[in-house]
Amino acid sequence: MMRVSQRNEISPNADGVLNATRWKCKLPSNGELRPVTALQLANIKADLHRYLRKKKTLVSPEFSAVVADVGAFTSAVVRDGFEKAFSQLPNVVPALSGRPFIEMAETIAEHHLRFVQGSQRALIRKSLLEAYIHAAGPEHVFGPLGQTRLVRALRRSAPRNFAAMLFSLHLFNIMAMAIQDEVRTKMPDVASFELYMLGVETICQGVVKTAVESEEKTEVDEAWAKAVAMAIDAQLLHIPLNPNQRQESTHVSGHKE
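Under my numbering, the residue at position 140 of the sequence shown is numbered 140, and the numbers go up by one with no gaps.
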């Protein structure tokens with residue numbers, strides 16, 4: 001029986017891009033990570049296309065405005081340092097500077113959310129907090145800023161890569177909200193569900209990576225964010241199903257409906 005652990009990690013890949021990973025599936029015999037196979041990913045992507053076939057877009061214009069604002073803030077952090085960038089946000093209480101980083105992250109997220117109204121607000125807030133917590137190091141968020149690795153991570157990977165990670169996290173959150181209840185009912189056990197969601201997360205990371213690489217512009221502004229969002233839609237909403245693929249929802253365990 002496969003044992004599943006869930007944890008949040010962030011690490012730079014060979015290109016310095018920040019990768020956030022939620023799902024880790026381990027085999028108890030040797031403790032090695034169990035990968036999702038290429039065939040499983042292809043079947044999961046076909047499932048996603050079926051789940052999303054009625055959607056016209058995945059990423060809202062409001063999220064693109066949020067990404068642009070995040071780009072401006074993280075660029076200021078790299079250029080001027082966190083304390084100065086944070087102090088220049090409107091309505092920031094000076095005493096927050098000495099508070100646990102999680103409280104500062106919540107203040108930053110609320111600042112970015114001024115562009116968002118309605119039902120999207122909670123999901124975008126979740127994605128923002130995940131991105132800042134991942135970059136800071138989850139184990140450090142209840143301590144002061146100086147104990148986190150946020151500034152080092154931003155300087156090493158650049159604001160564009162932080163924005164790409166935010167896109168990846170938000171795309172996964174959109175997918176999870178849309179499909180996880182139905183997927184959970186079709187999985188034979190918890191381990192299969194976790195592995196399936198690992199596949200979804202892997203697809204989201206790959207889609208965002210391709211979308212970001214297709215955009216030559218390097219400055220993270222609203223035009224860049226909208227272009228990335230359109231490239232994401234092109235990959236996930238406008239791809240015909242492979243006629244040789246099974247049309248049913250495919251279980252990573254090998255079972256199907």
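Glycine is no exception: its CB is placed at the ideal position from the N, C-alpha and C atoms. For clarity, every value in this text was computed on a predicted model and none was experimentally measured.
As assigned by DSSP and simplified to three states, the class of residue i
| i | result |
| --- | --- |
| PHE63 | helix |
| ASN91 | coil |
| SER258 | Nothing can be reported for residue 258, as the shown portion of the chain is limited to 1 through 257. |
| GLY98 | helix |
| LEU41 | helix |
| VAL212 | helix |
| LEU237 | coil |
| GLU50 | It should be pointed out that residue 50 corresponds to Arg in this sequence rather than to Glu. Of the three classes helix, strand and coil, the one that applies to ARG50 here is helix, per DSSP. |
| GLU103 | helix |
| THR57 | coil |
| LYS217 | coil |
| VAL36 | coil |
| GLY81 | coil |
Pick from the options that is closest to residue i, judged by C-alpha positions
| i | options | result |
| --- | --- | --- |
| ASP47 | VAL200, ALA211 and GLU213 | VAL200 |
| LEU89 | GLU110, VAL207, ARG79 and VAL78 | GLU110 |
| GLY206 | MET187, ILE179, THR218 and PHE167 | PHE167 |
| ARG114 | ALA65, GLY146 and LEU154 | ALA65 |
| ASP181 | VAL36, ILE102, ASP69 and TYR51 | TYR51 |
CA-to-CA distance, residue j to residue i, given in whole angstroms
| i | j | result |
| --- | --- | --- |
| LEU123 | CYS204 | 16 Å |
| GLU222 | MET230 | 12 Å |
| LEU237 | HIS49 | 6 Å |
| GLU83 | ARG156 | 18 Å |
| SER75 | ALA178 | 32 Å |
| VAL220 | GLU106 | 22 Å |
| ARG160 | VAL228 | 11 Å |
At a cut of 8 Å, does the region 57-67 reach the region 132-150 through at least three beta carbon pairs?
no
Complete alpha helix (DSSP H) runs within the region 107-187 (minimum length 4 residues, chain order):
120-136 and 150-186
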